[in-house]
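Working notes, structure below.
2 protein chains.
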Amino acid sequence: MTALPTSLRERKKAKTRAAIREHAMRLFEEQGYAATTVDQIADAAEVSPSTFFRYFPAKEDVVLADDLDEVMVRVFLAQPAELAPLDAMMQAVRDIFTGMDPQVWAFERRRQDLIFGVPELRARAIQQMTETVDLFAGAIAQRQGLPADHFPARVMAGAAVGAILAIMPSGVGAQGVTPGDHSRMEQALTLLRDGLPLG
Amino acid sequence: MTALPTSLRERKKAKTRAAIREHAMRLFEEQGYAATTVDQIADAAEVSPSTFFRYFPAKEDVVLADDLDEVMVRVFLAQPAELAPLDAMMQAVRDIFTGMDPQVWAFERRRQDLIFGVPELRARAIQQMTETVDLFAGAIAQRQGLPADHFPARVMAGAAVGAILAIMPSGVGAQGVTPGDHSRMEQALTLLRDGLPLG
DNA sequence: CTTTCTTTTGGGAGTTACTGTCATTTCATG
DNA sequence: CATGAAATGACAGTAACTCCCAAAAGAAAG
């Protein structure tokens with residue numbers, strides 16, 4: 003996941019970060035996000051509140067820290083050049099979901115559950131997605147040898163991210179990403195490619 | 003815009019609300035969003051901070067209070083039934099932008115500038131858009147006589163909203179929606195309808 | 001091992017957005 | 001004018017941050 007830590011200092015920092023994160027997630031799941039204070043998290047992780055904010059600039063960032071989106075863009079760019087962009091995207095989705103190790107998967111799932119359950123977090127997650135649109139628009143253009151600000155490339159990126167977002171579970175009792183979801187993503191991208199038939 | 007106020011009380015409330023809003027927007031534009039405190043706004047509008055929060059549950063809501071999205075859905079549903087969904091959407095965009103009176107337009111523009119300039123506001127605005135996706139998905143399905151949770155309808159709604167969002171100016175020095183923008187929106191929807199050709 | 005330098009940590013004080021409560025004022029009504 | 005309802009303002013309190021400074025812990029050098 004991350005580069006292997008060398009010095010004692012690095013190892014301690016990684017451990018502290020992980021501890022804060024784990025205790026925070028647990029408390030959020032147990033008592034709810036809003037009802038959990040930063041002080042409680044700090045107490046549980048045995049650090050001072052000051053230290054908490056040194057590791058995570060905001061309470062939200064404990065949950066939102068690293069995003070999957072950049073990985074997605076990288077995998078997308080690694081696809082064979084002969085694939086059409088939307089097909090390359092589908093293949094990238096497939097690659098990511100099949101190659102993910104179970105532990106990462108489980109953690110990802112807990113995160114998704116929290117994010118989609120808490121409006122505050124959902125808002126920021128979606129904002130991250132708009133940054134992903136920029137990344138994707140650039141990536142698509144690059145792949146096809148088009149200028150970086152190519153209009154149709156932007157539209158495609160926006161449509162793809164929007165479509166995927168739209169089929170994410172978000173209502174009451176929603177569950178995060180499940181193993182079956184990557185096939186729904188592929189269906190959505192196929193529809194896009196075919197001009198959005200409604201039949 | 004709103005129903006005509008009858009009683010003295012109603013009129014006063016409307017005036018107070020407008021005053022808070024106007025002073026807030028002015029201060030945000032002059033000194034920036036974060037640098038403006040609720041107390042300053044309350045002072046300028048000559049109300050107590052308590053009253054401020056009675057009118058707007060959060061500082062953000064002064065800017066985000068009413069959204070254009072619901073209007074969009076209504077106009078979309080009012081389009082002639084023989085238009086294909088994406089064409090109906092295009093026509094709805096056209097109707098709204100041409101029918102908007104200049105004063106509303108000017109205010110809308112100031113709002114857009116603020117929203118797209120302040121990350122915090124942008125995040126919440128985008129969240130509102132996801133709610134719009136739900137509305138649109140339902141509207142599309144309804145128009146075509148499909149079940150409310152029809153998968154391709156959701157994908158279409160998500161793609162359309164995502165595409166439009168993607169071509170909104172958001173970078174540094176970005177300007178809000180300008181009169182020329184509705185044609186860009188139409189271009190985007192046309193691309194969607196045609197299966198997203200990149201040429 | 002000790003000294004010195006650097007990084008990390010904890011503590012405290014301060015700001016700001018927001019919540020809840022209660023007395024007072026302001027409008028509506030008979 | 002009297003009475004009830006709604007709006008307001010002042011107050012106290014909480015929680016998420018921010019800034020700053022002194023103490024602790026790891027790294028490097030003698």
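Protein chains in written order, with the numbering used here: chain A, 3 to 201; chain B, 3 to 201.
Glycine included, C-beta positions come from ideal geometry on N, C-alpha and C.
**Request:** Taking 8 Å as the cut-off, decide whether the C-beta atoms of residue 57 (chain B) and residue 19 (chain B) are in contact.
**Result:** The sequence position of residue 57 (chain B) within the second sequence is 55, counting from 1. The sequence position of residue 19 (chain B) within the second sequence is 17, counting from 1. The Cβ atoms of residue 57 (chain B) and residue 19 (chain B) lie closer than 8 Å to each other.
**Request:** Keeping to the same chain, check which residues put their C-beta closer than 8 Å to that of residue 62 (chain A); ignore five residues upstream and five downstream.
**Result:** Residue 62 (chain A) sits at position 60 when you count from the first residue of the first sequence. Around residue 62 (chain A): 122, 123, 126.
**Message:** Once DSSP output is grouped into helix, strand and coil, what is the label at residue 101 (chain B)?
**Reply:** The residue given as residue 101 (chain B) occupies position 99 in the second sequence. Helix, per DSSP.
**CA-to-CA distance, residue 116 (chain A) to residue 193 (chain B), given in whole angstroms** = One-based indexing of the second sequence puts residue 193 (chain B) at position 191. One-based indexing of the first sequence puts residue 116 (chain A) at position 114. Each residue's Cα considered, the two are about 35 Å apart.
**Request:** Give a yes or no on contact between the region 147 to 157 of chain B and the region 134 to 146 of chain A, applying the rule of three or more CB pairs nearer than 8 Å.
**Result:** no
**Asked** Thinking C-alpha only, which one of A:151, A:10, A:133 is nearest residue 164 (chain A)?
**Response** Position 162 of the first sequence, counted from the first residue, corresponds to residue 164 (chain A). Ranked by how close their Cα comes to the Cα of residue 164 (chain A), the residues A:151, A:10, A:133 have A:133 in first place.
**Message:** Within 8 Å of any Cβ in chain B, is that where the Cβ of residue 89 (chain A) sits?
**Reply:** Residue mapping note: residue 89 (chain A) aligns to position 87 of the first sequence, counting from 1. Output row for residue 89 (chain A): interface = no.
**Contact list for residue 200 (chain A) against chain B, beta-carbon separation under 8 Å** = Taking the first sequence and counting its residues from 1, one reaches residue 200 (chain A) at position 198. By Cβ distance, chain B contributes 87, 142, 146, 148, 152, 154, 155, 158.
**Request:** Would you verify that the beta carbon of residue 134 (chain B) is, or is not, closer than 8 Å to some beta carbon of chain A?
**Result:** Counted from its first residue, the second sequence places residue 134 (chain B) at position 132. Taking Cβ atoms only, chain A never reaches closer than 8 Å to residue 134 (chain B), which makes this a no.
**Request:** Can you tell me the Cβ-Cβ gap for residue 135 (chain B) and residue 159 (chain B), rounded? I've got them flagged as a contact below 8 Å.
**Result:** Within the second sequence, numbered from 1, the residue matching residue 135 (chain B) stands at position 133. Within the second sequence, numbered from 1, the residue matching residue 159 (chain B) stands at position 157. About 5 Å; that satisfies the 8 Å criterion.
**Item:** Complete runs of the beta strand (DSSP E) confined to the region 116 to 167 of chain B [at least 3 residues]
**Value:** For the region 116 to 167 of chain B, not a single whole beta strand (DSSP E) run of length 3 or above is found.
**residue 55 (chain A) to residue 40 (chain A) span [Cα, whole Å]** = Translated into the one-based positions of the first sequence, residue 55 (chain A) becomes position 53. Translated into the one-based positions of the first sequence, residue 40 (chain A) becomes position 38. One C-alpha to the other measures close to 9 Å.
**Item:** Cβ-Cβ separation, residue 27 (chain B) to residue 191 (chain B) (assumed contact under 8 Å), whole Å
**Value:** As a first step, residue 191 (chain B) is located in the second sequence; it is residue number 189 there, counting from the start. As a first step, residue 27 (chain B) is located in the second sequence; it is residue number 25 there, counting from the start. That belief does not hold up - the Cβ atoms of residue 191 (chain B) and residue 27 (chain B) are roughly 31 Å apart, past 8 Å.
**Prompt:** Based on Cα-Cα distance, which residue from A:33, A:35, A:111, A:69 lies nearest to residue 130 (chain A)?
**Reply:** Your numbering for residue 130 (chain A) matches position 128 in the first sequence. Looking at the Cα atoms, A:69 is the closest of the given residues.
**Message:** Applying the 10 Å Cβ sphere with the 16-neighbour rule, what's the burial state of residue 88 (chain A)?
**Reply:** Here residue 88 (chain A) refers to the residue found at position 86 when the first sequence is read from its first residue. Residue 88 (chain A) should be labelled buried.
**Message:** Is the beta carbon of residue 157 (chain A) closer than 8 Å to that of residue 98 (chain B)?
**Reply:** Taking the second sequence and counting its residues from 1, one reaches residue 98 (chain B) at position 96. Taking the first sequence and counting its residues from 1, one reaches residue 157 (chain A) at position 155. No, the pair does not count as a contact, with Cβ atoms beyond the cut-off.
**Message:** Assuming residue 66 (chain B) and residue 128 (chain B) are in contact, meaning their beta carbons sit under 8 Å apart, how far apart are those beta carbons, in whole angstroms?
**Reply:** In the second sequence, the residue the question calls residue 66 (chain B) occupies position 64. In the second sequence, the residue the question calls residue 128 (chain B) occupies position 126. Rounded, the Cβ-Cβ distance is 11 Å, inconsistent with contact.
**Request:** Would you mind stating whether residue 94 (chain B) and residue 77 (chain B) have Cβ atoms separated by less than 8 Å?
**Result:** Indexing the second sequence from 1 puts residue 94 (chain B) at position 92. Indexing the second sequence from 1 puts residue 77 (chain B) at position 75. Yes.
**Item:** C-beta contact flag for residue 154 (chain B) and residue 198 (chain A) at 8 Å
**Value:** Looking up residue 154 (chain B) in the second sequence gives position 152. Looking up residue 198 (chain A) in the first sequence gives position 196. Yes, the Cβ-Cβ distance between residue 154 (chain B) and residue 198 (chain A) is below 8 Å.
**Item:** Within chain A, partners of residue 124 (chain B) - CB distance below 7 Å
**Value:** The residue labelled residue 124 (chain B) in the question sits at position 122 within the second sequence. Neighbours of residue 124 (chain B) on chain A, chain order: 129.
**Item:** Cβ shell of residue 38 (chain A) (< 7 Å), same chain only, five flanking positions each side left out
**Value:** Residue numbering aside, residue 38 (chain A) sits at position 36 when the first sequence is read from its first letter. Cβ neighbours of residue 38 (chain A) beyond the five flanking positions: 29, 30.
**When B:161, B:152, B:9, B:184 are compared against residue 212 (chain B), the one with the closest alpha-carbon** = Because chain B is modelled from 3 through 201, residue 212 (chain B) falls outside the range shown and cannot be assessed.
**Message:** Going by C-alpha to C-alpha distance, which of B:161, B:86, B:64, B:84 sits closest to residue 109 (chain B)?
**Reply:** On the second sequence, residue 109 (chain B) is found 107 positions in, with the first residue counted as 1. Among B:161, B:86, B:64, B:84, the Cα nearest to that of residue 109 (chain B) is on B:64.
**Prompt:** By DSSP, does residue 27 (chain B) sit in helix, in strand, or in coil?
**Reply:** Mapped onto the second sequence, residue 27 (chain B) falls at position 25. In this structure, DSSP gives residue 27 (chain B) a helical state, which the three-state scheme calls helix.
**Request:** Please check if any C-beta of chain A sits within less than 8 Å of the C-beta of residue 71 (chain B).
**Result:** The count along the second sequence starts at 1 and reaches residue 71 (chain B) at position 69. Chain A contact via Cβ: absent.
**Request:** Grab me the residues of residue 2 (chain A)'s own chain with a C-beta within less than 6 Å of its C-beta, minus the 5 sequence neighbours each way, in chain order.
**Result:** Because chain A in this structure spans residues 3 to 201, residue 2 (chain A) falls outside the shown range and cannot be described.
**Prompt:** According to DSSP, is residue 2 (chain A) helix, strand or coil?
**Reply:** There is simply no residue 2 (chain A) to check, as chain A begins at 3 and stops at 201 in what is shown.
**Prompt:** At a CB-CB cut-off below 7 Å, which residues of chain B make contact with residue 197 (chain A)?
**Reply:** The count along the first sequence starts at 1 and reaches residue 197 (chain A) at position 195. The contacting residues are 195, 196, 197.
**Request:** Just the C-alpha distance for residue 50 (chain A) and residue 111 (chain B), rounded to the nearest angstrom, thanks.
**Result:** The sequence position of residue 50 (chain A) within the first sequence is 48, counting from 1. The sequence position of residue 111 (chain B) within the second sequence is 109, counting from 1. Spanning the two alpha carbons is a distance of roughly 45 Å.
**Request:** Select from B:151, B:73, B:42, B:188 the residue whose C-alpha is nearest the C-alpha of residue 102 (chain B).
**Result:** Within the second sequence, numbered from 1, the residue matching residue 102 (chain B) stands at position 100. Checking every option, the nearest Cα to that of residue 102 (chain B) belongs to B:73.
**Message:** Does residue 16 (chain B) pass the burial test, meaning 16 or more other C-beta atoms within 10 Å, or should it be called exposed?
**Reply:** Residue mapping note: residue 16 (chain B) aligns to position 14 of the second sequence, counting from 1. So residue 16 (chain B) ends up on the exposed side.
**Message:** Less than 7 Å between C-beta atoms, sequence neighbours within five positions excluded: which residues of the same chain meet that for residue 161 (chain A)?
**Reply:** In the first sequence, the residue the question calls residue 161 (chain A) occupies position 159. Correct list, in chain order: 194.
**Asked** So, does the CB of residue 139 (chain B) fall closer than 8 Å to a CB anywhere in chain A?
**Response** Taking the first residue of the second sequence as position 1, residue 139 (chain B) is located at position 137. Chain A contact via Cβ: present.
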